[in-house]
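Below is one structure, written out as structure tokens, with a few remarks after it.
Number of protein chains: 2
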Amino acid sequence: MENFQFCIPTNILFGKGQISNLPGVITGFGSRVLLAYGGGSIRKTGLYDKVKELLSGCEIYELSGIAPNPKIDSVREGISLCREHGIDVILAVGGGSVIDCCKAIASGFYYDGDAWDMIVSHAEITKALPIVTVLTFAATGSEADAGAVISNPETNEKLSLFSQEVFPKVSIMDPEYTFTVPAAQTAAGSIDILSHLMEQYFVPESTYMSDLLVEAVMKTVVKYTPIAYAEPDNYEAKAQLMWASTIADNATLCNGNQLAAFSCHGMEHELSAFYDVTHGVGLAILTPRWMEYVLSDETAPRFAHFGKELFGVEGSDDMESAKLAIKALYEFFESLGVPMSV
Amino acid sequence: MENFQFCIPTNILFGKGQISNLPGVITGFGSRVLLAYGGGSIRKTGLYDKVKELLSGCEIYELSGIAPNPKIDSVREGISLCREHGIDVILAVGGGSVIDCCKAIASGFYYDGDAWDMIVSHAEITKALPIVTVLTFAATGSEADAGAVISNPETNEKLSLFSQEVFPKVSIMDPEYTFTVPAAQTAAGSIDILSHLMEQYFVPESTYMSDLLVEAVMKTVVKYTPIAYAEPDNYEAKAQLMWASTIADNATLCNGNQLAAFSCHGMEHELSAFYDVTHGVGLAILTPRWMEYVLSDETAPRFAHFGKELFGVEGSDDMESAKLAIKALYEFFESLGVPMSV
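Set out below in structure tokens:
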């Protein structure tokens, strides 16, 4: 078992109606709020109006139009707004893209220079504006982690920043806010969750407990994604996936493992930096191919076990089982309507 | 899936040699330290000397002799020391009893009145001295939770306090510090861990994911306890149990469950308030009897599943399987040398 450091300070408020806690949460940090969101779906669902109503006592400035694979221009715009209006707290209402963008804004606010330079140079982030999130999409786990991924279309780069300072202070996670997510997006989100789990599972060395914990959440994703895909307002399915997304991402399950082998996540970031493909779709396309590519006598037993645990497939030997596992994973992605090539 | 709030702010430093971070950790809070420990085993193992050497730049005041099922008198003594010497930070070196005692000291420090009154009256704790722990025994999970249990031998009461304020700020968890724990104590610790897990598992309603997560950690305890019992210096076994103890206790695994049915923990606290029995031993004695007592057509399927998953036992129907499960659990406790009656 490897040494590790682990601290997830985010205060999670999970479940129906937790939004009612928003005023108390926000005013604990101040009254000048940057409200950040994406393409406007929160206006259609009524969440925008709800937030504005709840925060009627605050001064709200808005940053809208944050795109999937959030772009550095939105980060720059957010930093300007925060500086101009003396923002006390950033409220991210959306999924991982909005939250990631807000993490870069929160840290860039204190950076003396251009935000992209901060990211490219891996500048140490020692201070950030407080971030509160209202999650509307289960996928990245950004609601309770220390990382963000930002794209720069000018340079075709998609790069990460990490700092304990950018953990959201509070994340409000109401599964009902994911009822209106289109089925294809729900599928893509689940694939991202599964991919985070595989990243912790296909490693040089893992612990007995971590294997079982990761399998537990992988099985949950495999069980509930088809339900959530077919029944967008199935609370239990959406709730299980939402909580799975959080703990799949923030190392809760893999502490003590030797990490580093799974390359699909990194490859997908390179891919979407060029083609702006949906992250989960890119992962679905890459992962079974990566498995085939690295399949060997050495890797087959692990893939075989994965296939048996997740999909109940098993061949006469490890190699055959591994091939069945890869096929089952491919078909699982296909069954969720993912275009398996671009 | 039930609503929940979840926040574990403790910074965990896990693994060999993490003690080297102690000076930086402590001085982040100040230089006047209350060093709290138990019966003196840390003097024999050399950990006491190591801590003193590492903190040679600090002013250290000591509270020693904290007993298992920590007593209110130790709490009162600790509060007096903290007030007398203007303590900045409490360093708990030990297991759950030492840490629990320190949590009561940390909160009692700010309480205007007797510490036992604070506990009996469930006074709201809004402030506490910072606590840092060096864990030497895997059992209670107190190193990363918000609770403490304190005994009052005068009234034969053993009562809990809870507050987000008493979470240890930092916990140093080096499995090597548990190498010298006597085998019987290792067994008792594991039974406590298992009991915390059963508390989350035998509930009116649980989620699919939580069941799998709890089973993962229960299996880990069942696998590694006999190894740790037979080989006290088996690092992997001690490490898995140590990390299991933390996540078994602090709700990481059971978020979204409807809690409340498992009564053995509460019963054992009543028992040990009178007889000062080791908590894990009391739990081992009570649990299979409780299972027999509540065994019915309604409860049998769950016990049957538990037996199959943990011990691989299975009968021809749920009732028979459940009885085999109870027997297997009893024998597991017996195999660890636990006196199954008092």
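These protein sequence lines are chains A and B, in that order.
Each residue of the first sequence is one higher than the one before, starting from 1 at the first, in our numbering.
Each residue of the second sequence is one higher than the one before, starting from 1001 at the first, in our numbering.
The C-beta atom is built at its ideal place from N, Cα and C for all residues, glycine as well.
Exercise. Taking any Cβ of chain B, which residues in the segment 8 to 25 of chain A have a Cβ under 8 Å from it, in chain order?
Worked result: Ile8, Pro9, Thr10, Asn11, Ile12, Leu13, Phe14, Gly15, Lys16, Gly17, Gln18
Problem set entry | Reference Ala1273(B), options Leu1213(B), Ser1160(B), Glu1062(B), closest by Cα | If we check each option's Cα against that of Ala1273(B), Ser1160(B) comes out closest.
Exercise. Closer than 8 Å, Cβ to any Cβ of chain B: which residues of the segment 123 to 134 of chain A, in chain order?
Worked result: none
For this session: Let me know if Tyr275(A) comes out buried or exposed under the rule of 16 or more other beta-carbons within 10 Å of its beta-carbon.
Result: exposed
For this session: Could you name the residues that DSSP lists as bridge partners for Lys71(A)?
Result: Ser151(A)
Exercise. Across which residues does DSSP place Ala300(A) in a beta bridge pair?
Worked result: Ala300(A) is not bridged to any residue.
Problem set entry | Under 9 Å from the C-beta of Gly256(A): neighbouring residues of chain B | Phe1014, Gly1015, Ala1239, Gln1240, Trp1243
Problem set entry | Contacts that Tyr208(A) makes with chain B (C-beta to C-beta distance below 7 Å) | Correct list: Thr1220, Lys1223, Gln1240.
Problem set entry | Chain-ordered chain B contacts of Ala216(A) [CB-CB under 8 Å] | Met1209, Leu1212, Leu1213, Glu1215, Ala1216
Exercise. If you measure beta-carbon to beta-carbon, which residues of the segment 1137 to 1157 of chain B are closer than 7 Å to chain C?
Worked result: The structure shown contains no chain C; its protein chains are A and B.
Problem set entry | Closest residue to Gly39(A) among Cys82(A), Val98(A), Ile79(A), Tyr61(A) (Cα-Cα distance) | Val98(A)
Exercise. What residues match up with Ile1012(B) in a beta bridge as DSSP calls it?
Worked result: Phe6(A), Ser1171(B)
Problem set entry | Same chain, Cβ closer than 6 Å to Phe1167(B), five either side skipped, listed in chain order | Pro1009, Thr1010, Ala1146
Problem set entry | Where the beta strand (DSSP E) containing Tyr1330(B) begins and where it ends | Segment 1318 to 1335 is the alpha helix (DSSP H) holding Tyr1330(B); no beta strand (DSSP E) there.
Problem set entry | Reference Pro339(A), options Glu157(A), Leu283(A), Ala104(A), closest by Cα | Leu283(A)
Exercise. Run through DSSP, which three-state label would Leu1253(B) get?
Worked result: Three-state result, Leu1253(B): coil.
Problem set entry | C-beta atoms of Ala1325(B) and Phe1311(B) nearer than 8 Å | yes
Exercise. Taking one C-beta from the segment 40 to 51 of chain A and one from the segment 1028 to 1035 of chain B each time, how about it: are there three or more such pairs within less than 8 Å?
Worked result: At 8 Å Cβ cutoff, the stretches do not touch.
Exercise. Cα separation between Leu1280(B) and Ser316(A)?
Worked result: For the sequence presented, residue 1280(B) should be read as Gly rather than Leu. Cα to Cα, the separation comes out at about 45 Å.
Exercise. Does any CB atom of chain A fall closer than 8 Å to the CB of Gln1005(B)?
Worked result: yes
For this session: Consider the Cβ of Glu1059(B): report whether some Cβ of chain A lies at a distance smaller than 8 Å.
Result: no
Problem set entry | Whole-Å CB distance - Ser142(A) paired with Gly78(A), under 8 Å assumed | With a contact defined as Cβ atoms closer than 8 Å, Ser142(A) and Gly78(A) miss out at about 15 Å.
Exercise. Can you name the residues that DSSP bridges to Glu1199(B)?
Worked result: Looking at the DSSP assignment, Glu1199(B) forms no beta bridge with any residue, so it has no partner.
For this session: For Ile60(A), collect the residues of the same chain with a Cβ closer than 6 Å to its Cβ; drop the 5 residues on either side in sequence, then sort them by chain order.
Result: Val33, Leu35
Exercise. Do the segment 122 to 130 of chain A and the segment 211 to 228 of chain A make contact, defined as three or more Cβ pairs closer than 8 Å?
Worked result: no
Exercise. Does DSSP put Leu259(A) in a helix, in a strand, or in coil?
Worked result: coil
Problem set entry | Same chain only: Cβ atoms within 6 Å of Leu1129(B), ignoring 5 sequence neighbours per side | Ile1090, Ala1106, Phe1109
For this session: Could you have a look at Glu59(A) and say whether DSSP puts it in helix, strand or coil?
Result: strand
Exercise. Got a sec: is the Cβ-Cβ distance from Met1(A) to anything in chain B below 8 Å?
Worked result: yes
Problem set entry | Within chain A, the residues that Thr1252(B) reaches when beta carbons sit closer than 7 Å | Thr252
For this session: Consider the Cβ of Glu309(A): report whether some Cβ of chain B lies at a distance smaller than 8 Å.
Result: no
Exercise. Would Glu1231(B) count as contacting chain A if we go by Cβ distances under 8 Å?
Worked result: no
For this session: Could you tell me how far apart the beta carbons of Phe1137(B) and Val1093(B) are, in whole angstroms, since I believe they sit closer than 8 Å?
Result: 11 Å between Cβ atoms; not a contact.
Exercise. So what's Leu1161(B) in DSSP terms, helix, strand or just coil?
Worked result: strand
Exercise. So, does the CB of Glu165(A) fall closer than 8 Å to a CB anywhere in chain B?
Worked result: no
Exercise. Is Asp1174(B) buried or exposed, if buried means 16 or more other CB atoms sit within 10 Å of its CB?
Worked result: With 16 or more other Cβ atoms within 10 Å, it is buried.
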